[in-house]
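For reference, the structure discussed in these notes is given below.
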Amino acid sequence: MTEFPKKLMAKLSAREAGNALRKLSVPNGLVDFSSNDYLGFARKRGILEEAIRVMETGNGVFNGATGSRLLTGNKALHVELESFLADYFGNPAALLFNSGYDANIGFFSAVPQRTDVVFYDELCHASIRDGIAMGRAQSFKFRHNKLEHLSKQIDRVQQSKVDSDIYVVTESVFSMDGDSPDLEALVVLCENKGVYLVLDEAHAIGVFGKKGTGLLNELNLEDRVFATVVTFGKAMGCHGAAVLGNEALKRFLVNFARSFIYTTAMPPHSLATIQAAFEFLSSSQTEQQSLVENITFFKDQLRALDLEAHFIPSNSAVHCCVVAGNEKVKACASQLQEKGFDVRPIMSPTVPQGKERLRFCLHGFNTEKEIKEVLLALSKLL
Ligand SMILES: Cc1ncc(COP(=O)(O)O)c(C=O)c1O
Numbered sequence: 026m027t028e029f030p031k032k033l034m035a036k037l038s039a040r041e042a043g044n045a046l047r048k049l050s051v052p053n054g055l056v057d058f059s060s061n062d063y064l065g066f067a068r069k070r071g072i073l074e075e076a077i078r079v080m081e082t083g084n085g086v087f088n089g090a091t092g093s094r095l096l097t098g099n100k101a102l103h104v105e106l107e108s109f110l111a112d113y114f115g116n117p118a119a120l121l122f123n124s125g126y127d128a129n130i131g132f133f134s135a136v137p138q139r140t141d142v143v144f145y146d147e148l149c150h151a152s153i154r155d156g157i158a159m160g161r162a163q164s165f166k167f168r169h170n171k172l173e174h175l176s177k178q179i180d181r182v183q184q185s186k187v188d189s190d191i192y193v194v195t196e197s198v199f200s201m202d203g204d205s206p207d208l209e210a211l212v213v214l215c216e217n218k219g220v221y222l223v224l225d226e227a228h229a230i231g232v233f234g235k236k237g238t239g240l241l242n243e244l245n246l247e248d249r250v251f252a253t254v255v256t257f258g259k260a261m262g263c264h265g266a267a268v269l270g271n272e273a274l275k276r277f278l279v280n281f282a283r284s285f286i287y288t289t290a291m292p293p294h295s296l297a298t299i300q301a302a303f304e305f306l307s308s309s310q311t312e313q314q315s316l317v318e319n320i321t322f323f324k325d326q327l328r329a330l331d332l333e334a335h336f337i338p339s340n341s342a343v344h345c346c347v348v349a350g351n352e353k354v355k356a357c358a359s360q361l362q363e364k365g366f367d368v369r370p371i372m373s374p375t376v377p378q379g380k381e382r383l384r385f386c387l388h389g390f391n392t393e394k395e396i397k398e399v400l401l402a403l404s405k406l407l
């Protein structure tokens, strides 16, 4: 058997020594405070049954897409779902990608051109940063949610590079912090400076906005951004993503986004599940309402137990308690797990050193008793 390269083994050993070795684990049956299934849709029987019905009755439904969208993979279900999503989110066009990761690398490696500049929030998701790194534009990060810093940086670039198009990208809910930028101010800033705003709504879909349409829709800003990335693996409980924008952007991505072009299209059963999940979301507000109530209850409990100072302020389904140090945060998570709560540690290098945290993901199906008990257990630990 071929020997595993020594350099790679050394990297693994260094991770292990730093208490930062990533490992795969299977679901543990504990109370779920860690999945992205915010609305419980991944486990909703009705969505599965509707997707099966579409698969069984649909015309020409295949097990797999059979090719890239540009070859044999483009099925009626893709076209119908894109049109449905464009309508649902109030945008002229939608283009499906196989995941949020693919959407971001496809967009950022293709859209900003060699002479352009991209500004990104320093805490943007890896998929955004990887996409930017694959592209040819110059890029700069701005301080987390600090619009004055962004504004000054844009001024500096606009003074020196007159023919650059400028793109700004951020998230409406940060995946590892749960907080949000001041979106209204950001939209106005980008409009005033004439720059293109791209927003990743991965953790806002299903949580904010009428019928779970996200934070941009909640604030009536959906037609004032250049592009929006929406993903279906979180609150929608499925998989996949779409870029929303105008028809020209869709045409451009179909021609230049390599993660769209060079891959087998999403299979029909994924499309049927996404469609069923959105139909369910638009017909029932119960799950979204329960989630919103649980977020309020969680925040009330933080106040009651005097835990607020340990947490990063958030109005979303993601709430993070900073416990510095990989070893310490891992130990805290293990103790909560021993008490029956699935709370995961987020360690460096996923987050900066010293900012390691316990990440509590809230769901519509969590009970007030579970929330009370997990926070009581946490307050004892802290
Ligand atoms: C902000 C953000 N964007 C994109 C992604 C990637 O989405 P997906 O899981 O569909 O690849 C994630 C997932 O963690 C995310 O948090």
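In our numbering, the protein residues as written are 26 to 407. Built from N, CA and C at the ideal position, the CB exists for glycine as well. Remember, predicted model here, so these are calculated numbers, not experimental data.
- According to DSSP, glycine 270 shares a beta bridge with Ala118.
- The beta carbon of phenylalanine 199 sits closer than 6 Å to the beta carbons of Leu148 from its chain, once the five residues preceding and following it are set aside; these are given in chain order.
- For histidine 294, the three-state secondary structure derived from DSSP is helix.
- With contacts defined by Cβ atoms closer than 9 Å, threonine 288 and aspartate 141 do not form a contacting pair.
- Of all alpha-carbon atoms in Val187, Ser308 and Glu243, the one lying nearest the alpha-carbon of lysine 218 is that of Val187.
- With a 10 Å radius around the Cβ and a threshold of 16 neighbouring Cβ atoms, arginine 68 comes out exposed.
- In the DSSP assignment, phenylalanine 165 falls within the beta strand (DSSP E) that extends over 163-167.
- When secondary structure is reduced to three states using DSSP, cysteine 263 falls in the coil class, being assigned neither helix nor strand.
- The DSSP-derived three-state label of cysteine 345 is strand.
- Look at the beta carbons and you see the region 250-258 not touching the region 347-365: under three pairs across the two are nearer than 8 Å.
- Of the candidates Leu102, Asp146, Arg382 and Arg154, Asp146 places its Cα closest to the Cα of glutamine 178.
- In the assembly as shown, threonine 298 is a buried residue. Its beta-carbon has 16 or more other beta-carbons within 10 Å.
- The DSSP-derived three-state label of arginine 181 is helix.
- In the three-state scheme derived from DSSP, where H, G and I count as helix and E and B as strand, valine 104 is classed as helix.
- According to DSSP, residue pairing for threonine 256 in a beta bridge involves Ala266.
- Under a 10 Å Cβ-count criterion, serine 50 is classified as exposed, with fewer than 16 other Cβ atoms of the shown protein chains found around its own Cβ.
- Beta-bridge annotation (DSSP): cysteine 386 is paired with Val343.
- The C-beta distance from alanine 342 to leucine 316 rounds to 6 Å, short enough to meet the 8 Å contact threshold.
- For phenylalanine 87, the three-state secondary structure derived from DSSP is coil.
- Nearest C-alpha to valine 268 among Leu120, His335, Met291 and Lys166: Leu120.
- Residue burial is scored here from C-beta neighbours: glutamate 196 has at least 16 other C-beta atoms within 10 angstroms and is therefore classed as buried.
- In this structure, DSSP gives arginine 369 an extended state, which the three-state scheme calls strand.
- Listed in chain order, the non-local C-beta contacts of glutamate 216 below 8 Å within the same chain comprise Arg249, local neighbours out to five positions each way being set aside.
- For serine 404, the CB contacts under 7 Å within the same chain, skipping 5 residues up- and downstream, are Leu330 and Leu332 in chain order.
- Distance between leucine 278 and phenylalanine 133, taken at the CA atoms: about 10 Å.
- Taking all protein chains shown into account, lysine 275 has 16 or more neighbouring C-beta atoms within 10 Å of its C-beta and is therefore buried.
- Straight through space, the alpha carbons of proline 377 and aspartate 57 are spaced by roughly 25 Å.
- The beta carbon of leucine 401 is closer than 8 Å to those of Leu330 in its chain, skipping five residues each way along the sequence.
- Secondary structure at glutamate 226: coil, using DSSP grouped into helix, strand and coil.
- Note on geometry: alpha-carbon atoms of alanine 118 and tyrosine 63 lie some 26 Å from one another.
- Contact check between the region 350-360 and the region 202-212: fewer than three CB pairs, one atom from each, fall below 8 Å, which does not count as touching.
- Threonine 321 carries a helical assignment under DSSP once its states are collapsed to helix, strand and coil.
- Contact between the region 227-243 and the region 87-102 is absent, with fewer than three C-beta pairs closer than 8 Å.
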